[in-house]
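Okay, so here's the structure we're looking at.
Residue numbers (this note's numbering), protein chains in the order written: chain A, 107 to 590; chain B, 338 to 1118.
Here is the structure:
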């Protein structure tokens, strides 16, 4: 019976598709019917792009974004500025500061003394990239990484900056990057969402994250990021009630399908067929998700690679390992958020711990993907929402200082599918305050990532409220120099 | 498995041979050899209409470079105004974009048909392309004289003449004449009236948000009076739950929430305003008064506390508590938020597009935007009042304090449960005017020319007699000559009851929006609404007592093929109900529902860790402290909305996160929704409680199942349905073990009956839960 019903549903969908969906009128009812597979993309763009089909041959098929929430200080990690040490305690020259606005936290500070990094840097790999001693594991994979030293953004506070980096707009309510990719490319796995989200806390001063960051905005809600969390119920409401066996759940779904099909016979509403199918997909997810979340079968070599924390659910290391598994299973966009990088004060102490918390696992993820032959088709991104100031926030002492928010420049790295390995792109000035060469705006960054996935950012469009929206809004240029 | 365009067939489907209105729905997704959006079968209308045929093409494909936005205009050519389109081209004085009557010498026509890609319009780099059909339409329009018309939404509302129909007896009121006349033109017959049980469920959900009770069902089925339905409608309109249901769409529009909305997202107490909205709908406050109080209650002569409370409407927007922000940047955003709301939420236009530049499609300049902005720029507020984790500010200046005495004497509709200090953010202007300047690119730190309060002249110039403040703005909105206010709200309510608006793009009546499916009906309703003093209950009653509304939701294969979206209304509405109403249905049918109205928002069951996993630890809402007792069983609209982490079971069913003004929700159908219905403790607990009640009533299993089905689905089960469930129940009973039953029954905090037979109860609970999971249960059908 169940099979019949499902068949019925499909034939109904197809009929509806030919007679209704083809009319280009869009509809609240049509969205769900357009998706024969769970979480696959729906709707076509105006350029005739079919869901799941890129504009041109992609270099990467999937993305893992290791978002460093709170904004890591580039001066302590990847942007080596020896001049700052020499000038520590001296006021930042007005010519360097220019007209840059200051946050409310340092705007009223009577002096803005420069501060050099407490940590030493060395050069690694063929690119001779400078990497700080806080990131020894990352240093070892320097030849796999493409550093961008010249990222910049428009927002100066966390909420708008995060939102901007995730959705291309500072105000909420636009689709997140992962939602755009889900919409443009669909899912590779019938039983898992195309866009998943993993959170971890970190050690340093943290800034919150919020589910609106992984919103589908005005896109269909199947494109919303699905948060996978530690604990018994990795996806909300996934776990059946205690006392209900899989067989009993199957029984219930069969009865539901039988009863719903009676309604369908009476009403002929395709939404009923769709509802039956959604229950079947939910049922499949109930098995697929715990399978992928189960890290207990990982061999010792993998545990050693990611570090012992990877067996502690909810840590950054565990999420990195999980990200590999999800990505390996075909999840299009795995978004991690790791809190704890907001070092307004007490920076040397906090950032050392924070870096230690992420360094090994970040590098392990790249290495692991590489050894599985997946790095070529997976794009890994590591970075925060803006940079930090080269002058101190608060009191500067011999061994302590802080850094305020700085939108004018920050460092990120990328690795894997589509990106040139072992290069450094862009430069900041010797104060690490302004970009000296090859600036990369957030819109450029988005355009480039979409390009690597085979999508033209000017053609990945959704029309809403009379306007055509893009992840890159109305600008953005692909950074050709970092493409393979 | 994807359906790719190349797999599709193009079936010729003829919908409306004569009507030009519906040409828009004849667009087909591509066959291999056709451009997207093009089909072979479309005929050109004999008389091409500017508003319905041409303007959509110009707006969508041409106006971003040849439209109202002066900064982006190319070749100094405007195609949205006839005088500009007809005149000699600036760059080629011998040529004209449009020569009425003569496409061959119209450079517009020559450009859109150019073979040379350097000449072709739209240029290939724009990613825009005209279909052959669109080109043919433009050609015929020019041939027929290239006559322009004012955009329909900006023309005055006129009383439409009632159309004649053949089948007079079908019509119950004027709505039906407009609908039927179109159906008859298309040779379609309306569906029969739906059966009484389904009709009762439909109207009960629509008017109260709650399913009918068994007693109501029995009484209605037994009532043989010809006007039994109208009597029932009147009863529903008098129930306090009517105000709650009506408030729901207004809370979306007014972006009401219980948190400040940014970053760590602290708690706020705007809920007394929500209680006022419920009260206003219940006492059937006229719409003009309802909106005027909310925009400018504080400025009314003799304004009292109630009028002041109403203005909390415009303080519901997000307010930052993030340390280190630049206050003016945020204060500017608050003012913009109010301005955008006036556009989208009160007039249905996308004014917000003119915040950074002249509107690209609609006749709103950036100056227009900042003139409207000026009405809201005088509030005694700051960008940031306190930082999260600092002193809690549940309301921000300007604010009002509400004492217990006031609640007792004057504001009796506020459900204030304790004697704590209660404050609400409201409107209040500075004594001296804060000058308003156009902000270049919308940036707070790039001020340009100074402007004074005013309104877009393309809608309706601001009469000099009106005060240049928010009260004057309200008067302007409700000026009898205003073309948008009544059309917008009538359409919004139509969407409430019929599932989608007569103008499908509820928030965009502009040139990029959809055209109305029944323009004469929309205008008739809008005109009638104004004539009857903006009487909301009267309008609602007219809609739900129409024959159009009462049709069965059945979709015959023929109607599905000819009109899959039900644009012609040849069948009744059949839609999945809103997130909040799903919760209400579950609580109400199980008997758990706590019917108290208003009061502070509540925190029912929520999966653990959602707030805690996302916070930095600051603020009152960093940890989810779930409520207990009867607070677990409040209606969905009272679930606390923390904007940055909104209640998951609501969001999964497409509720708004209340970030900004929303006038239309998506209606999706996803696997996560199935998981909520199967596993949300709220649904499981309700299943258990209803099962216990049925057992306690000494029903046989079959009686119990029958009653559960009636209570939840709101109709009697068919013999076949009952048999499936009874057989299933027997199978469950046979397999049920004591320890399993104990586990199944452990869900929820509502106490188990003391002498419960656990296996019996758990078995019936599983049947009840199955019924809750039926498609029809959460569908208005």
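Here a beta-carbon is modelled for each residue, glycine too, at the ideal position from N, C-alpha and C.
According to the Cβ coordinates, are residue i and residue j closer than 7 Å?
i, j, result
"residue 241 of chain A", "residue 516 of chain A", "no"
"residue 986 of chain B", "residue 1013 of chain B", "yes"
"residue 173 of chain A", "residue 287 of chain A", "no"
"residue 661 of chain B", "residue 209 of chain A", "yes"
"residue 223 of chain A", "residue 181 of chain A", "yes"
"residue 634 of chain B", "residue 647 of chain B", "yes"
"residue 415 of chain B", "residue 429 of chain B", "no"
"residue 443 of chain A", "residue 496 of chain A", "no"
"residue 270 of chain A", "residue 891 of chain B", "no"
"residue 170 of chain A", "residue 469 of chain A", "no"
"residue 494 of chain A", "residue 179 of chain A", "yes"
"residue 391 of chain A", "residue 944 of chain B", "no"
Given that residue i touches chain B, what residues does it touch there, using C-beta distances under 7 Å?
i, result
"residue 378 of chain A", "1112"
"residue 361 of chain A", "1061, 1065, 1107"
"residue 263 of chain A", "659, 661, 662"
"residue 279 of chain A", "996, 997"
"residue 456 of chain A", "What residue 456 of chain A touches in chain B: nothing, since even the nearest Cβ is about 14 Å away."
"residue 366 of chain A", "1111, 1112"
Checking the sheet assignment: what are the DSSP bridge partners for residue i?
i, result
"residue 288 of chain A", "In DSSP, residue 288 of chain A forms no bridge with anything."
"residue 531 of chain A", "A:254"
"residue 306 of chain A", "A:444"
"residue 912 of chain B", "B:1117"
"residue 575 of chain A", "A:568"
"residue 174 of chain A", "A:444"
With 16 as the cutoff for other CB atoms within 10 Å, does residue i come out buried or exposed?
i, result
"residue 155 of chain A", "Only weak support is given to the placement of residue 155 of chain A: the predicted model assigns it a pLDDT of 38, under 50, and the question is left unresolved by the model."
"residue 136 of chain A", "Summary for residue 136 of chain A: the model assigns pLDDT 31, below 50, so the residue's position carries little reliability, and this model does not support an answer."
"residue 572 of chain A", "buried"
"residue 889 of chain B", "buried"
"residue 414 of chain A", "exposed"
"residue 786 of chain B", "exposed"
"residue 1108 of chain B", "buried"
"residue 568 of chain B", "exposed"
"residue 700 of chain B", "buried"
"residue 960 of chain B", "exposed"
"residue 226 of chain A", "exposed"
"residue 869 of chain B", "exposed"
"residue 445 of chain A", "buried"
"residue 140 of chain A", "At residue 140 of chain A, the pLDDT of 33 sits below 50, so the modelled position is not reliable and the matter cannot be decided from this model."
"residue 971 of chain B", "buried"
"residue 488 of chain B", "buried"
"residue 442 of chain B", "exposed"
Applying a beta-carbon distance threshold of less than 7 Å, which residues of chain A neighbour residue i?
i, result
"residue 793 of chain B", "By Cβ distance, chain A contributes nothing, its closest Cβ being about 16 Å from residue 793 of chain B, past 7 Å."
"residue 1165 of chain B", "This structure cannot speak to residue 1165 of chain B, because chain B is shown only from 338 to 1118."
Is it the case that the CB of residue i approaches a heavy atom of the ligand PLP more closely than 6 Å?
i, result
"residue 927 of chain B", "The ligand PLP is not part of this structure, which contains no ligands at all."
Taking C-beta pairs closer than 8 Å, name the residues in chain A that residue i reaches, listed in chain order.
i, result
"residue 1017 of chain B", "343"
Just the chain B side, please: which residues come within less than 9 Å of residue i by C-beta, in chain order?
i, result
"residue 556 of chain A", "Within chain B, no residue comes near residue 556 of chain A; the closest Cβ sits about 14 Å away, beyond 9 Å."
"residue 511 of chain A", "661"
"residue 399 of chain A", "Within chain B, no residue comes near residue 399 of chain A; the closest Cβ sits about 15 Å away, beyond 9 Å."
List, in order along the chain, the chain A residues whose C-beta lies closer than 9 Å to that of residue i?
i, result
"residue 723 of chain B", "Simply none; closest approach about 12 Å."
Next item on the list: Jot down the residue ranges of each uninterrupted beta strand (DSSP E) in the region 724 to 789 of chain B, minimum 3 residues, whole runs only, in chain order.
Entry: Fully contained in the region 724 to 789 of chain B are the following beta strand (DSSP E) runs of length 3 or more, in chain order: 736 to 738, 760 to 762, 773 to 776, 784 to 788.
Checklist line | Uninterrupted beta strand (DSSP E) stretches inside the region 425 to 498 of chain A (no shorter than 3 residues) | finding: Segments of the beta strand (DSSP E) lying fully in the region 425 to 498 of chain A: 439 to 444, 484 to 489, 493 to 498.
Next item on the list: For the region 205 to 271 of chain A, list the alpha helix (DSSP H) runs that are entirely contained and at least 4 residues long, ordered along the chain.
Entry: Listed in chain order, the alpha helix (DSSP H) runs fully inside the region 205 to 271 of chain A are 242 to 246, counting runs of at least 4 residues.
Notebook entry, point to check: Which residue spans inside the region 571 to 620 of chain B form an unbroken alpha helix (DSSP H) run of at least 4?
Noted result: 577 to 590, 608 to 619, all fully within the region 571 to 620 of chain B.
Check: Curious, which full-length alpha helix (DSSP H) runs of at least 4 residues does the region 513 to 558 of chain A contain?
Finding: Within the region 513 to 558 of chain A, complete alpha helix (DSSP H) segments of at least 4 residues are found at 548 to 558, given in chain order.
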